[in-house]
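Below is one structure, written out as structure tokens; comments come after it.
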Amino acid sequence: MEKLEVKGLNHHFGFTEILRDINFTLEKGEVLSIVGPSGGGKTTLLHLCADLLDVEEGSVKNSFASHTFAFQEGRLLPWKNVIDNIALGLLANGEKKAAAIQKSQEIALQFGLEEEDFEKFPKDLSGGMKQRVSFARALVVKPSLLFIDEPFSALDIGLKKELQAILIEMISKKEISILFITHDLMEAIRLSDEILLLKADPGHIVKKFQYDLPQNERDDKYVYSESAKILQDVEIIDTFELELK
Amino acid sequence: MKFALKILKDFPAYLWSGWGAVASILLFIAFWDMGNQIYGDLVLPAPLETFKTLFVMIQDASVIEEIKTTLYRASMGFGISLLLGSALGLIAGFFATASMMSRPIVTILVGMPPIAWIVLAMIWFGMGDETVIFTVIVASFPIIFVGALQGTRTLDGDLKEMADSFNLPWHMKFFDVYFPHIFSYVFPAWVSGLGMAWKIVIMAELLATSDGMGASLAIARSQLDTPTALALVVIMIGSLMVIEYIILEPIKREVELWRS
Numbered sequence: 001m002e003k004l005e006v007k008g009l010n011h012h013f014g015f016t017e018i019l020r021d022i023n024f025t026l027e028k029g030e031v032l033s034i035v036g037p038s039g040g041g042k043t044t045l046l047h048l049c050a051d052l053l054d055v056e057e058g059s060v061k062n063s064f065a066s067h068t069f070a071f072q073e074g075r076l077l078p079w080k081n082v083i084d085n086i087a088l089g090l091l092a093n094g095e096k097k098a099a100a101i102q103k104s105q106e107i108a109l110q111f112g113l114e115e116e117d118f119e120k121f122p123k124d125l126s127g128g129m130k131q132r133v134s135f136a137r138a139l140v141v142k143p144s145l146l147f148i149d150e151p152f153s154a155l156d157i158g159l160k161k162e163l164q165a166i167l168i169e170m171i172s173k174k175e176i177s178i179l180f181i182t183h184d185l186m187e188a189i190r191l192s193d194e195i196l197l198l199k200a201d202p203g204h205i206v207k208k209f210q211y212d213l214p215q216n217e218r219d220d221k222y223v224y225s226e227s228a229k230i231l232q233d234v235e236i237i238d239t240f241e242l243e244l245k
Numbered sequence: 001m002k003f004a005l006k007i008l009k010d011f012p013a014y015l016w017s018g019w020g021a022v023a024s025i026l027l028f029i030a031f032w033d034m035g036n037q038i039y040g041d042l043v044l045p046a047p048l049e050t051f052k053t054l055f056v057m058i059q060d061a062s063v064i065e066e067i068k069t070t071l072y073r074a075s076m077g078f079g080i081s082l083l084l085g086s087a088l089g090l091i092a093g094f095f096a097t098a099s100m101m102s103r104p105i106v107t108i109l110v111g112m113p114p115i116a117w118i119v120l121a122m123i124w125f126g127m128g129d130e131t132v133i134f135t136v137i138v139a140s141f142p143i144i145f146v147g148a149l150q151g152t153r154t155l156d157g158d159l160k161e162m163a164d165s166f167n168l169p170w171h172m173k174f175f176d177v178y179f180p181h182i183f184s185y186v187f188p189a190w191v192s193g194l195g196m197a198w199k200i201v202i203m204a205e206l207l208a209t210s211d212g213m214g215a216s217l218a219i220a221r222s223q224l225d226t227p228t229a230l231a232l233v234v235i236m237i238g239s240l241m242v243i244e245y246i247i248l249e250p251i252k253r254e255v256e257l258w259r260s
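As they're listed, the protein sequences go chains A and B. Numbered by this note's numbering, the letters in the first sequence go through residues 1 to 245 in order. Numbered by this note's numbering, the letters in the second sequence go through residues 1 to 260 in order.
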């Protein structure tokens with residue numbers, strides 16, 4: 001069984017303690033989100049899980065067959081056009097060039113990019129388009145685990161829903177497992193099976209929320225009512241310093 | 001291959017965009033002719049006379065021989081500093097200590113006047129090829145070295161991380177992630193290095209050898225043969241313009257298409 005297991009994870013940058021005693025498990029087909037205020041160590045935790053940072057204390061065991069990462073700022077190669085950027089992961093996996101281009105074009109169209117955008121360099125793309133390309137690049141290789149850093153932050157509402165719909169479809173077919181970080185609670189509630197609340201200084205998990213209703217059955221009403229509920233939670237109010245004075 | 005074809009395909013459009021440059025050169029020649037009418041033939045020969053002299057000169061085998069000699073020295077010197085400068089610059093860029101230590105040395109190399117190098121080289125190597133080639137190397141090396149150093153120093157850590165997250169094999173990491181970035185720094189440095197090499201080779205020849213275009217220039221000066229001197233200048237500038245605008249600039253445009 002593929003899974004990601006994090007046990008007793010601590011992390012420091014110099015003398016600053018970033019993360020303290022993080023424990024969680026992500027099973028195959030599950031969606032787990034980490035919410036918390038900015039600067040709370042969310043990105044560090046995600047990078048540790050994705051093996052982009054070396055684990056110092058504790059353990060991260062990742063037995064998923066493959067994983068990719070969709071970065072917050074896109075991180076596209078500025079000297080490659082849209083299609084070549086998307087094809088990067090496929091080519092790295094040893095796929096033939098023609099097949100990789102073909103697949104990249106298909107997923108680009110699926111992600112709402114136009115054919116006339118294919119030859120464009122990242123400098124000519126809007127923020128939202130860059131993020132779509134970055135997303136397509138991460139998903140085109142069909143990873144069994146996807147890491148996402150603030151996935152939809154630069155997207156307008158319509159596009160956000162479109163991309164979420166694509167993910168929800170993949171989730172309900174059990175094609176993918178996702179670990180993502182966000183500061184948008186509604187987004188977390190719409191997509192996650194479990195939400196970990198990460199409190200800052202140092203980052204530690206203060207509470208876990210479970211959502212059992214399948215993602216494709218969650219409508220706006222469900223998301224709004226659950227969001228309202230979670231916003232009443234003492235730990236959430238405390239962590240996000242929501243107290244109104 | 002695809003890249004070379006694209007350069008060729010865009011070449012006519014590029015040439016067509018050169019009319020402005022042609023107009024400005026013609027304007028320059030008009031001012032030159034005006035200077036001739038004011039100061040007379042001895043000080044500033046007319047453009048027409050200069051070009052006639054030039055035409056006669058390039059039919060003379062001995063002049064072609066001088067040009068070849070100069071070309072050989074310039075390309076030897078530039079070639080060596082291109083290889084050495086790029087390689088050492090890249091290596092120095094990968095190590096923080098090396099790049100820190102190389103900075104003052106580069107300042108010394110850049111700050112030292114080429115004329116001083118020529119004097120030293122004449123003492124060390126005597127009059128001949130070595131002196132000229134050595135001077136060309138020391139003059140163009142620091143430019144290329146700094147370009148390569150900057151290229152590696154400024155590699156984007158975020159893109160490296162991205163490359164790691166997709167498990168890019170080493171050859172993809174090099175050709176798709178590092179090389180385009182480094183090249184965008186090194187290539188302009190090559191171009192300025194070449195310009196420097198071409199200027200220095202003439203100066204070194206003028207002072208330190210008895211053959212080559214620089215030496216011909218010295219002879220023209222001693223005989224007060226202004227048309228020949230100007231014709232030589234036209235050859236030097238003309239060849240540099242051809243290399244820069246016909247060969248290097250189209251490549252540079254394609255290479256830097258992705259830049260904003």
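Glycine included, every Cβ here is placed at the ideal spot set by N, Cα and C.
Within the region 162–176 of chain B, the residues whose Cβ lies closer than 8 Å to some Cβ of chain A are Met-162, Asp-164, Ser-165, Phe-166, Asn-167, Leu-168, Pro-169, Met-172, Asp-176, listed in chain order. For Phe-24/A, the enclosing beta strand (DSSP E) covers residues 16–27. In this structure, Thr-44/A sits away from Ile-83/A, with a CB-CB distance that is not shorter than 9 Å. In this structure, the alpha-carbon of Ile-202/B lies about 11 Å from that of Thr-69/B. Three or more Cβ pairs drawn from the region 202–215 of chain B and the region 56–71 of chain B lie within less than 8 Å of each other, which places the two stretches in contact. Taking a Cβ-Cβ cut-off of 9 Å, Lys-103/A has no neighbours in chain B, whose nearest Cβ is about 15 Å from it. Per the DSSP secondary-structure output, Asp-149/A pairs in a beta bridge with Ile-181/A. Straight-line measurement puts the Cα of Trp-79/A at about 7 Å from the Cα of Pro-180/B.
In this structure, DSSP gives Ile-176/A a state outside helix and strand, which the three-state scheme calls coil. For Lys-61/A, not one C-beta of chain B is nearer than 9 Å to its own C-beta. Looking from the CA of Val-60/A, the closest CA among Thr-25/A, Asp-193/A, Leu-32/A, Gly-39/A belongs to Thr-25/A.
Restricting attention to Lys-103/A, Glu-150/A, Leu-76/A, Ala-50/A, the CA atom closest to the CA of Lys-142/A is found in Lys-103/A.
Considered as a whole, the region 190–232 of chain A harbours 194–199, 204–210 as its complete beta strand (DSSP E) runs of no fewer than 3 residues, in chain order. For Arg-75/A, the residues of chain B that pass the 8 Å Cβ criterion are Asp-158, Leu-159, Glu-161, Met-162, in the order they occur in the chain. Exposure of Ile-38/B is indicated by the presence of fewer than 16 other C-beta atoms within 10 angstroms of its C-beta. Among the CB atoms of chain A, none fall inside 9 Å of the CB of Trp-32/B. Assignment of Leu-52/A by DSSP, reduced to helix, strand and coil, places it in the coil class. Listed in chain order, the non-local C-beta contacts of Phe-111/A below 6 Å within the same chain comprise Arg-132, Ala-136, local neighbours out to five positions each way being set aside. The three-state secondary structure of Phe-145/B, taken from DSSP, is helix. Not flagged as an interface residue toward chain B: Thr-43/A, since no C-beta distance is shorter than 9 Å. Per DSSP, the continuous alpha helix (DSSP H) segment holding Ile-237/A begins and ends at 234–239. Assigned with DSSP and collapsed to three states, Lys-7/A falls in strand. Residue pairing from DSSP places Glu-57/A in a beta bridge opposite Asn-10/A.
Chain-order list of chain A residues neighbouring Leu-257/B: Trp-79, Phe-121, by C-beta distance under 9 Å. Proximity of Ser-260/B to chain A, defined by a Cβ-Cβ separation below 9 Å, is satisfied. Between the alpha carbons of Ser-126/A and Leu-88/B lies a gap of roughly 39 Å. Look at Thr-44/A here: in three-state DSSP terms it is helix.
Contacts with chain B at 9 Å (Cβ-Cβ) include Asn-93/A. With respect to the 9 Å criterion, Pro-37/A and Ala-200/A are classified as neighbours on the basis of their beta carbons. By the criterion of a C-beta distance shorter than 8 Å, Trp-117/B is surrounded in its chain by Phe-134, Thr-135, Val-138, Ala-139, once the five residues flanking it on both sides are discounted. Val-146/B is positioned such that its CB atom lies no closer than 9 Å to that of Gly-77/B. Pro-180/B belongs to the set of residues whose beta carbon lies under 9 Å from a beta carbon in chain A.
Taking 9 Å as the CB threshold, Ser-184/B lines the interface with chain A.
Here Val-31/A carries a strand assignment [DSSP, helix/strand/coil]. Leaving aside the five residues that flank His-67/A on each side, the residues in its chain whose CB is nearer than 8 Å to its CB run, in chain order, Ala-50, Pro-143, Ser-144, Leu-145, Leu-146, Phe-147. The distance from the Cβ of Lys-7/A to that of Lys-28/A is about 18 Å, inconsistent with a contact at the 8 Å cut-off.
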